[in-house]
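> Quick note on numbering: the working numbering labels position 39 of the sequence shown as 57, and the sequence is numbered without any gaps.
Just so you know, even glycine gets a beta-carbon here, dropped at the ideal spot from N, CA and C.
As the structure is a prediction and not an experimental result, all values here were calculated from the model.
Structure incoming, see below.
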Amino acid sequence: MNSTPHNQLFDLHYLNITSSLSISVHFEFQPLNTSLAYLFIYKFDQLPQLNTSINNIDGWTLFCPLNLTNETLYKYFINNQQTSDHQSIIYGLRELNSTEMMNTCSNSSVSSLPITD
């Protein structure tokens with residue numbers, strides 16, 4: 019079990035979605051280690067902020083090993099109704115520690131984010 023403190027750092031990326039056309043966004047990534055789990059968050063038009071006292075995100079999902087496709091890809095889709103009237107999306111990904119992974123990935127009805135400061 020991983021007992022080291024987890025600093026909740028996300029690997030953040032910016033995506034310009036300014037267009038005269040309707041835009042949907044499809045995320046796919048292939049983990050180097052398929053036994054790891056990840057928390058994916060995003061916020062339109064500004065930086066997402068997430069900790070025990072601030073929840074300033076527009077969406078999130080968990081990527082757990084059981085959710086991998088046959089191509090060992092994690093996938094997430096944001097439709098054009100969600101992106102309408104926005105100029106950018108900033109999304110972040112962080113690896114879950116073993117305790118978070120055990121608590122969230124083994125529970126099929128997770129409704130809260132794995133946040134520990």
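Between L33, T36, F45, T52, which has its C-alpha nearest L114's C-alpha?
Of L33, T36, F45, T52, the residue nearest in Cα terms is T52.
> In whole angstroms, give me the CA-to-CA distance for S130 and Y32.
Their backbone Cα atoms lie some 25 Å apart in a straight line.
> Tell me the start and end of each unbroken beta strand (DSSP E) in the segment 51-131 that is at least 3 residues and wholly inside, in chain order.
If we require 3 residues or more, the beta strand (DSSP E) runs fully inside the segment 51-131 come out as 56-62, 77-81, 92-96, 106-113.
> Give me the DSSP bridge partner(s) of F45.
For F45, which the question treats as bridged, DSSP gives the partners Y94.
> In chain order, what residues of the same chain have a beta carbon less than 8 Å from the beta carbon of V43, not counting five sequence neighbours either side?
So the list reads L33, I35, F95, I96, T101, I107, once near-sequence residues are dropped.
> Tell me the residue span of the beta strand (DSSP E) that contains L33.
From DSSP, the beta strand (DSSP E) with L33 extends over 29-34.
> Whole angstroms is fine: what's the gap from L86's alpha carbon to N121's?
Whole-angstrom Cα-Cα distance: 18 Å.
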